[in-house]
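Asks: Residue 15 is where the sequence shown starts when you use my numbering, and the numbers rise one by one after that. All C-beta atoms, glycine included, are put in the ideal place defined by N, C-alpha and C. Fair warning: this is a prediction, and the values are worked out from it, not measured in the lab.
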Amino acid sequence: MSKASVEEIKLASAGLRGQLAELFADTSTPSIPEDSNILMKHHGSYQQDDRDLRAQLSKEKKEKAWSFMIRSKMPGGRITAEQWMIHDALCTKAMGNMRLTNRQGIQLHGVLKGGVKEVISNVCHSGLSTMGACGDVVRNTMGPAAPIKDAVHADTQKLTEEISQRFLWRSTAYADIWLDGEKIDPNWIKDPEVNPAVREQTKAPEGDDPIYGKVYLPRKFKIGVAIAPINDSDIYSQDVGLVPHVVNGEVEGYTITVGGGFGMSHGQLTTRPFLGQPLLYAKRANVVDAIEAIVTTQRDHGNRTERKNARLKYTVQTMGLDGFRAEVVRRLPGITTEPPKPLSFDSVEDNMGWHEQGDGKLYCCVYVNMGRIVDRDNGPKYRSCFAEIATTLKLPFIVTANTNLIIADVAREQKAAVDAILAKHGVVHANEAGFTRARKVAHACVALPTCGLSLSESERALPGILDKIDPILKELGLEDEPILFRMTGCPNGCGRPYNADFGFVGRAPNKYAMFVGGSIRGNALAGLEFKSVLGDEIPAKVRTFLEAFKAERQPGEIFADWFARTRTKGAEPTPEQFHIELAERAAKLAGEKVEAAG
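Encoded structure:
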């Protein structure tokens, strides 16, 4: 299928309706055509097959083991006990488990075609939605996970909900197909108040949807909010990042970054990761309007002929940051914007264990191995544990961007009960478990067997690799050092490996491109060290860097700063940084210096 055909499919879809209603009413077949799968993404689902079974089924001349992944949107990762238990019950329609995502949502994998409508309907009746969780629209808005009860945290959570509401696509197709036209009325679906002068400048030239028009966005669009100095929502990896500016304990406005995004293709120098860049500062009342101006600029100027270059990061690169800013400001008549405020972050880590909320209650951030909520045969019984907390204590949860889970609003008299339930099911928060600091924040994407794009293992591989890296860290006395490990099954980078200290990107079965030199702060891009390493070789490769770090570090220096100080990486960011090994880049740089000197 040509890349342009995706645009044609959206244009002809009648508001993303297509033939989805008819296809899912027909349970005689297990799958849907690819053009319908493209539309299905906007409804929050991907068609997948079990790749563990693919070879055997092909040998037997049988159809692939088709199923669907269904993703719930949860602005800021918030989910009530009742909503959690609805998802828990829906696990019976999936693979018996659910996956916390690093965009603070929940994914159910392995849902058969005949169960898709029931799952989506139940998610909607819980007060959440799958609408726009995937597809060429603004997706789930991320926010600070910690449930601190102060004005700043309250405003950032409110902002994630305002953004989610503003950028919901407005076709009735979703309710018609999945809810039989039933009128559900949660707050997130109501038409938001908009500035008419701004909307006049931003509205789509054709179509009923004022923001998305008839062809929606050129590609997916991701937004995250973070409160400095904690960059837990990884704002520099987002199309749009937002950081509040606080005056006397209240949010005055937000600095907005644009153009982050990590997807690329191995060996294709026209593709590469980008970090977001500060664009402007807007007063709080104008922030969502400013985002609308950014989203619609991408709608009108993004690349619609080559999907590999269709993300906002390439639009900003093509227009130039100043040109992009000028177009955004043009769409904000009567609104004054200012230069961005200075930004500074310390870490993307979660604050594990028990903490005060600020209202007399407590919260506990619990480590969840790779975000998979499942009862493990020889390990934690995550699903049973959190179900018991939800049903007996009625406590809400928050999904973190590191795929851990926060138990929130715990009364002091409930703390012992929470601890007892955690212990009963073998679930310990990372501080109790004696994990290395690196282990607490390490993350992998889902990859095999369900992701159709994955080239190698990720979720099923990284824990075993960390089992070999942890002893090295402890041997070298680095168990408490902030070092970020991330792995992803393909170069699309869903596991956000390109700004990690160590990032591993699948190339082929058990083979990974190894990137080094990002930062625990999320504000630096790594470079390609080795084009291909075997999974079993990773711990030894990592050891070499850790030993050098221990020997050469200056007092108080973290790994990211040591690497930046001691490694010659050349001009960056450039395409070569992500596609050509360091040794070749360094040799080229040295040659250029000699030539220049001569």
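#1: Please give the ranges of any alpha helix (DSSP H) in the stretch 94 to 167, keeping only runs that are unbroken, at least 4 residues long and fully inside the region.
#2: When the Cα atoms are used, what is the spatial distance from VAL455 to THR144?
#3: Could you give the distance in angstroms between the alpha-carbon of ALA565 and the alpha-carbon of LYS107?
#4: In the DSSP assignment, what residue or residues form a beta bridge with GLU266?
#5: To which residues does DSSP link ILE594 through a beta bridge?
#6: Measuring alpha carbon to alpha carbon, tell me which of ASP63, ARG579, ALA538, TYR295 ends up nearest SER361.
#7: State the Cα-Cα distance for the pair SER19 and LYS322, rounded to the nearest angstrom.
#8: Might you give, ordered along the chain, the residues of its own chain that have their beta carbon closer than 6 angstroms to the beta carbon of LEU490, omitting 5 neighbours on each side?
#9: Measuring only the C-alpha atoms, how far is GLN121 from SER59?
#10: Let's see if you can read the secondary structure: which residues bound the alpha helix (DSSP H) around TYR188?
#11: Quick check on ALA404: does DSSP put it in helix, strand or coil?
#12: Return helix, strand or coil for PHE516, following the three-state DSSP convention.
#13: Taking only the alpha-carbon atoms, compute the straight-line gap between MET5 and ALA554 and give it to the nearest angstrom.
#14: So, ILE93 versus PHE411, is the Cβ gap smaller than 7 angstroms?
#15: Pick from GLY531, LEU603, PRO89, ILE486: whose alpha carbon is nearest that of ALA613?
#16: How about TYR295 and PRO354: are their beta carbons less than 7 angstroms apart?
#17: Quick one: give me the first and last residue of the beta strand (DSSP E) that TYR60 is part of.
#18: Roughly how many whole angstroms lie between the Cα atoms of LEU293 and THR271?
#19: Quick one: what's got a C-beta closer than 6 angstroms to GLU176's C-beta in the same chain, skipping five residues either side?
#20: Whole-angstrom Cβ separation of LEU675 and ASN136, contact assumed at under 8 angstroms?
#21: When DSSP builds the beta bridges, which residues end up paired with GLN291?
#22: So LYS24 and PHE82 are in contact, right, with Cβ under 8 angstroms, and what is the actual spacing, rounded?
#23: Shortest alpha-carbon distance to GLY110 belongs to which of GLU96, GLN118, VAL125?
#24: From LYS78 to ASP64, what does the alpha carbon distance come to, in whole angstroms?
#25: So the candidates are ASN300, ALA95, GLY541; which of them puts its Cα closest to the Cα of GLU586?
#26: Within its chain, find whatever has a CB closer than 6 angstroms to the CB of ALA611; leave out the 5 residues flanking it on each side and keep chain order.
#27: Between which two residues does the beta strand (DSSP E) carrying ALA422 extend?
#28: Which parts of the stretch 302 to 342 are runs of the beta strand (DSSP E), unbroken and 3 residues or longer, counting only runs that do not cross its ends?
#29: Using 10 angstroms around the beta-carbon of GLY281, count the other beta-carbons present and answer buried if the total reaches 16, otherwise exposed.
#30: Starting from ARG453, follow the alpha helix (DSSP H) in both directions and report where the run begins and ends.
#31: Roughly how many angstroms separate the alpha carbons of ILE249 and PHE529, rounded to a whole number?
#32: Is the beta carbon of GLN62 sitting closer than 7 angstroms to the one on GLY466?
#33: Residues in its own chain within less than 6 angstroms of GLU493 by CB, not counting five upstream and five downstream?
#34: Tell me which same chain residues have a C-beta within less than 6 angstroms of the C-beta of LYS297, skipping the five on either side of it?
#35: Are the stretch 250 to 258 and the stretch 275 to 290 in contact at 8 angstroms, needing three or more beta carbon pairs?
#36: With contact counted as at least three CB pairs below 8 angstroms, one residue from each stretch, are the stretch 300 to 317 and the stretch 335 to 345 in contact?
Replies: Straight from the coordinates:
#1: Listed in chain order, the complete alpha helix (DSSP H) runs (minimum 4 residues) inside the stretch 94 to 167 are 95 to 104, 130 to 139.
#2: Within the model, the alpha-carbon separation for VAL455 versus THR144 is close to 27 angstroms.
#3: Using only the alpha carbons, I get a separation of about 53 angstroms.
#4: DSSP lists no partner for GLU266.
#5: Paired residues: none, contrary to the question.
#6: The residue from ASP63, ARG579, ALA538, TYR295 with its alpha-carbon nearest to that of SER361 is ALA538.
#7: Each residue's alpha carbon lies about 14 angstroms from the other.
#8: If you ignore the 5 residues before and after LEU490, its C-beta comes within less than 6 angstroms of the C-beta of LEU560, LYS564, all in its own chain and listed in chain order.
#9: When rounded, the distance between both Cα atoms is 9 angstroms.
#10: TYR188 -> alpha helix (DSSP H) spans 187 to 192.
#11: DSSP places ALA404 in helix when its eight states are reduced to three.
#12: Correct three-state label for PHE516: strand.
#13: It is not possible to answer for residue 5, since the shown part of the chain is limited to 15 through 612.
#14: Contact flag set, yes.
#15: Coverage of the chain is limited to positions 15 through 612, which leaves residue 613 absent and any answer about it impossible.
#16: With respect to PRO354, TYR295 sits close: the two C-beta atoms are nearer than 7 angstroms.
#17: Taken as a continuous stretch (DSSP letters only), the beta strand (DSSP E) holding TYR60 covers 59 to 63.
#18: One alpha carbon belongs to LEU293, the other to THR271, and they sit about 5 angstroms apart.
#19: The residues are VAL302.
#20: In the structure displayed, the chain extends from 15 to 612; residue 675 sits before or after that span and is not available.
#21: Looking at the DSSP assignment, GLN291 forms a beta bridge with VAL272.
#22: In fact, because the Cβ distance is near 20 angstroms, the residues do not count as touching under 8 angstroms.
#23: Its Cα nearest to that of GLY110, the residue VAL125 stands out among GLU96, GLN118, VAL125.
#24: C-alpha separation (whole angstroms): 7 angstroms.
#25: Ranked by Cα distance from GLU586, the options ASN300, ALA95, GLY541 are led by GLY541.
#26: Confidence at ALA611 is low in this model, with a pLDDT of 39, below 50, so its placement is unreliable and the value that follows should be read with caution. Taken in chain order, the list of residues that qualify is empty.
#27: ALA422 -> beta strand (DSSP E) spans 419 to 424.
#28: Entirely contained in the stretch 302 to 342, not one beta strand (DSSP E) run reaches 3 residues.
#29: Exposed is the call here.
#30: For ARG453, the enclosing alpha helix (DSSP H) stretches over residues 451 to 455.
#31: Going by the C-alpha atoms only, they are around 20 angstroms apart.
#32: Pairing GLN62 with GLY466 gives a Cβ-Cβ distance under 7 angstroms.
#33: Here the set comprises THR450, LEU487.
#34: If you ignore the 5 residues before and after LYS297, its C-beta comes within less than 6 angstroms of the C-beta of GLY267, all in its own chain and listed in chain order.
#35: Judged by Cβ distances under 8 angstroms, the stretch 250 to 258 makes contact with the stretch 275 to 290, as three or more pairs qualify.
#36: Because the criterion of three Cβ pairs below 8 angstroms is met, the stretch 300 to 317 and the stretch 335 to 345 touch.
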